[in-house]
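Here is the structure we will look at.
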Amino acid sequence: MAGHGSAPRGTTEALVGRDRELQLLRSYVDQVLGRGGVLVLSGEPGVGKSVLLNAAATAATAAGALVLHSDGVEFRADLSFAGLNHVLGPLLHEYDGLDPVHREALTVALGAGDGAPVDRLVLYGAVLALLRRAAHSRPVLLVIDDLQWVDRASAAALAFVARRLTGSRVGLLAASRPGFESFFERAGLPELTVSPLDDSAAAALVGIHFPLLAGQELRRVLAQAQGNPLALLELPAALGDSRAGAGVLPSEVLPLSRRLRDLYGSRVAEMPAPTRRLLLLAALEGGGDLSVLRAAAPSEDVLALLAPAERAQLLRIEHRGLGRLSFHHPLIRATVVSGATSGQRLDAHQVLAKTLTCKPDRRAWHLAEATPDPDEQVAALLEDTAHRARRRGDAVGAFNALVRSADLTPGPADRGRRLAEAAFVGADVAGELRTAAELLVEARRADPELRGSLRAAAAASQVLLNRDGDVNTAHRLLVGAITTRDGRSDGDDEALFEALCTLRRVCLCAGRPEFWDAYQAAMSQLTMPMPPLQELLGDVYSDPARSSPAALGLLDAVIHDLHRETDPSRVERVAMAALFVDRATGCRAALWPVVENGREGGAVTSALIALVVLCLDDFLTGRWDECGSLAKEGLALCQAHGYQMLAQQFHRVQGLLAAARGDDDTVRELAQRITQWAVPRGARTVEHFARHMTALSALGRGAHDDAYLDASAISPSGMLASHAPLALWVPMDLVEAAVRSGRRAEALAHVAAMRQTGLPGISGRLALVTAGSAAIAAPEDRAADAFEEALAVPGAERWPFDLARVRLAYGHHLRRARAARDARTHLAAALKTFRRLGAAPWAARAAEELRATGRHATWGPQDLGAGPLTEQEHQIAALAATGLSNKQIGERLFFSHRTVGAHLHRIFRKLGITSRVTLGEALAALPPQQSRAERSPTSSQS
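Using the numbering used here, you'd call the opening residue of the sequence shown number 1033 and step up by one each time.
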């Protein structure tokens, strides 16, 4: 190196080729000093992100800011809140100034004390409050390197904080590598891409540090480094070493990452043995806490032993009063670990485990890494860690801990049990459906007697249900396991509750009374009392139409406190029950954190179910654009993780939107896909998804016979089918279709059944639907009073599509009763809602009814995507308005009658009508210039 005229490294006074980045960082630091903000650097390893972070930190410190530095550590990625604990350590003295709720949340989550599980949003708010408090005295800058390795829980908290820093004098400056899955959701955050240096800057950098390097050797360095600053500074040393006798041929080129690891390896190997031992402890500990190193080596002068590594630019000591160590680059840490022998790594983990006695989760993981052979004691500790992680809502952490616990389990029965539990958590919560199936195979191989156990049955059923849709086998497995002696009283209450939850979901998807009969029979055989919530969910899932007032009152109480719940499984189970009885809106605050967690790769399965609930609530409450975007997101997640059963739910949502908006082709395609999937599997509820969308589609286009057949297939007229949740979605569809198709007796019978079942007492929507259905089916002389009763239902405006349908029907009745002025009021309100929702066929009907009252109205082709009539369409419309049939029009224009029908379908949509009755009036209402253009000889040629 001396021969090349090497210069000291690690300085940031004159970064070569980084003028643009430094200017942006100076502006960012100025922004932080005044009003806070976030910036994420992104770039390949060695490109200089860490040096730029240091430059920004130096500038911030010089300007009087408090800089808190932390690095993501790959080993700590499975330890919840490890990164947050590290970066907030210097602010411990600020805790006392927080309010008690925030102080307790930080104390519990960061492991400084015991307490009840912490709500994530409360914790995130506590982190933000702590930083804002610290910023009262001077600005605060958080500098996070290797963001991609920050643990999931910490990353979620930092992502929350990052979006709320404006006006706070708190900054978050982070660096991350592309190509790594990160738990930090940075979408929409300001980002600075750090690219490799260009050729001239790369040559200048080498020239500054190695002025004697030239010619072929310089070209070799530049060619292999490809602008990577770290390689540009390291490779010249390799040239010197190779020329000194290493025997490396000039043409031999290793991958850059391997070459850099080798370079660090030689530098680490030069360290004294005691230094290497401390480096290994520091690398495996990952937090840079010198107090841990001191406790691990109580008789050593830790700083003195680390001095050679510090002088060699392998690490730096920060916050000397607090005792923080950080490696100059993550590759150094990786080199230290990979360069140690397996025995040295085991010994280091053992030492750290003995040191971290007050950190049970970290201790358990270190013990696991220090244990080469099966060990029941360590496996049990790691199982406890998994259970704590799950209570905190860390599904992936729980899954990983259970899998590792099973690996360390010596006994076949306990190993099989832990593998089965891991499989259940993976399939039910964490989105590890494919891995769960593999774990079950391994579990049965470990313990052939496992098959009848609750854990195995629940896990296998999750896979069968979610991946294959095999409700029959899943039901048989669960009922068998629950009703056996082990299922009744094996002492594992949690396993029994999970099995019952899974059985409920299987019965729900099957939608068959005999499945629910078996569920009730299994419940009756249990020798232990069920918690009230378990009883409640069973009642609402099985037959929501007959939910008792007491059950609904308990559900309302649970929903009221649901936002405090940290277990994503409990959130989505309660929210699904709430959806069945129109209370999902009250769960939205609890559901969004579950969705966000799933987006970050956490509780994916729970996030999918949360998305289903949000989508369907959006549909009912008129947030149709969000409904469509969430359905698309959910379907993509299902496809990525193999959740075929849940995918049908998102197809259902897409089909309902298409039906309401008049996209009949999409409805047919989706209904056929769902039916072909559901019928062979006996998944009757899923089959009803298709029936629901086709019924709504048929109503929209006026095919009332078809609509009646589809709606009555879900719930026959005159009764509210039990064990059929969609029976509460289609009662007004059935009644309207029955009346319009000449089946008034069936319509009246269904209204009577709705009242007898007590639907109005379940929710405001069902009260509106029941009253609206009664009005639609009522005799002419009593209809007006019935419609007024429907419109007077409290909170009816919460359900805009249903309310607009009732108004449309009322306007139709008033127009026929020659009360045109009153009719216009309701028809105009219905038209406004339909146009806002984009419900094209319903808007067309409302506009047509309005025109029939004497008021000119269109349903807005410009808003709903239709265009003007072509010349050919105008010609066909004019002939149809004279009363000619499709066949007669076809004979005149040399078309088939089917082609004429297709043209008329498009013409009706463009004109905002639904039949030929008002076709002449609609043509006459066209703007004169459009009418002339449509009839001009040149219009068809343009």
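Yeah, the Cβ is synthetic: ideal placement off N, Cα and C, and Gly gets one too.
Quick one: residues in its chain with C-beta nearer than 6 Å to the C-beta of residue 1751, no 5 flanking neighbours on either side, listed in chain order? 1785
Is it true that the CB of residue 1309 sits closer than 9 Å to the CB of residue 1629? The answer is no: Cβ separation not under 9 Å.
May I ask you to report which of helix, strand or coil DSSP gives residue 1082? helix
Given residue 1608, which residues of its chain have a CB within under 7 Å of its CB, disregarding the five upstream and five downstream residues? 1641 and 1645
Per DSSP, cross-strand counterpart(s) of residue 1175: 1101 and 1205
Look up residue 1321 in the DSSP assignment and give the residues it is bridged to. Paired residues: 1356.
How about residue 1667 and residue 1679: do their beta carbons lie closer than 9 Å? yes
Out of 1447, 1172 and 1437, which one is the CA nearest neighbour of residue 1122? The shortest Cα separation from residue 1122 among 1447, 1172 and 1437 belongs to 1172.
Starting from the Cα of residue 1077, find the closest Cα among 1396, 1261, 1201 and 1051 and give me that residue. Ranking 1396, 1261, 1201 and 1051 by CA distance to the CA of residue 1077 puts 1261 first.
Identify the residues that DSSP records as bridge partners of residue 1069: which are they? 1203
List, from N- to C-terminal side, the alpha helix (DSSP H) runs of 4 residues or more that fit wholly inside the stretch 1719-1774. 1736-1746 and 1763-1772
Got a sec, what are the start and stop residues for the alpha helix (DSSP H) residue 1945 sits in? No alpha helix (DSSP H) contains residue 1945, which DSSP labels as neither H nor E.
DSSP puts residue 1349 in a beta bridge; with which residues? 1357
Inter-residue Cα distance where the pair is residue 1807 and residue 1820: 9 Å
Which residues in the same chain as residue 1881 place their Cβ atom closer than 8 Å to its Cβ, once the five residues preceding and following it in sequence are excluded? 1840, 1843, 1844, 1847, 1855 and 1859
Going along the chain, which residues of its own chain have a beta-carbon closer than 7 Å to the beta-carbon of residue 1233, five neighbours each way excluded? When the five nearest sequence neighbours on each side are left out, the beta carbons in the same chain lying within less than 7 Å of the beta carbon of residue 1233 are those of 1048 and 1049, in order along the chain.
Note down the Cα distance separating residue 1748 from residue 1767, rounded to an integer number of angstroms. 11 Å
Span of the alpha helix (DSSP H) around residue 1160: Note, residue 1160: alpha helix (DSSP H), 1152-1166.
Sequence-distant residues of the same chain with beta carbon closer than 7 Å to residue 1986, five excluded per side: Residue 1986 is absent from the model: the chain starts at 1033 and stops at 1974.
Does residue 1373 come out as helix, strand or coil in the three-state DSSP assignment? coil
Output yes or no for whether 9 Å exceeds the beta carbon distance between residue 1764 and residue 1837. yes
Would the beta-carbon of residue 1979 fall within 9 Å of that of residue 1602? Coverage of the chain is limited to positions 1033 through 1974, which leaves residue 1979 absent and any answer about it impossible.
Could you tell me if residue 1560 is buried or exposed, where buried requires 16 or more neighbouring beta carbons within 10 angstroms of its beta carbon? exposed
Distance between residue 1713 and residue 1598 (C-alpha atoms, nearest Å): 34 Å
Residue from 1386, 1481, 1372 and 1345 whose Cα sits closest to the Cα of residue 1327: 1386
Considering only C-alpha positions, which residue in the set 1339, 1202, 1526 and 1534 is nearest to residue 1509? 1534
First and last residue of the beta strand (DSSP E) that includes residue 1225? 1223-1225
Residue 1175 versus 1097, 1217 and 1142, residue with shortest Cα-Cα distance: 1097
Could you check where the alpha helix (DSSP H) with residue 1808 kicks off and where it finishes? 1796-1809 is the extent of the alpha helix (DSSP H) around residue 1808.
I believe residue 1982 touches residue 1117 by the beta-carbon criterion, under 8 Å. Please report the beta-carbon distance rounded to the nearest angstrom. The question about residue 1982 has no answer here: the residues shown for the chain are numbered 1033 through 1974.
With a 10 Å radius around its C-beta and 16 neighbouring C-beta atoms as the bar for buried, classify residue 1481 as buried or exposed. exposed
Three or more C-beta pairs under 8 Å: does that hold for the stretch 1584-1595 against the stretch 1154-1164? no
Following the continuous alpha helix (DSSP H) through residue 1573, name the residue where it begins and the one where it ends. 1564-1574
Classification of residue 1521 by the beta-carbon crowding that lies within 10 angstroms, buried from 16 upward: In this prediction, residue 1521 scores a pLDDT of 41, lower than 50, which makes its location untrustworthy; the coordinate-derived value is nonetheless stated afterwards. The residue is exposed, with fewer than 16 neighbouring Cβ atoms inside 10 Å.
Own chain partners of residue 1150 with C-beta closer than 6 Å, once the 5 adjacent residues on each side are dropped: 1137, 1140 and 1141
Assigned secondary structure, residue 1331 (DSSP; H/G/I helix, E/B strand, else coil): coil
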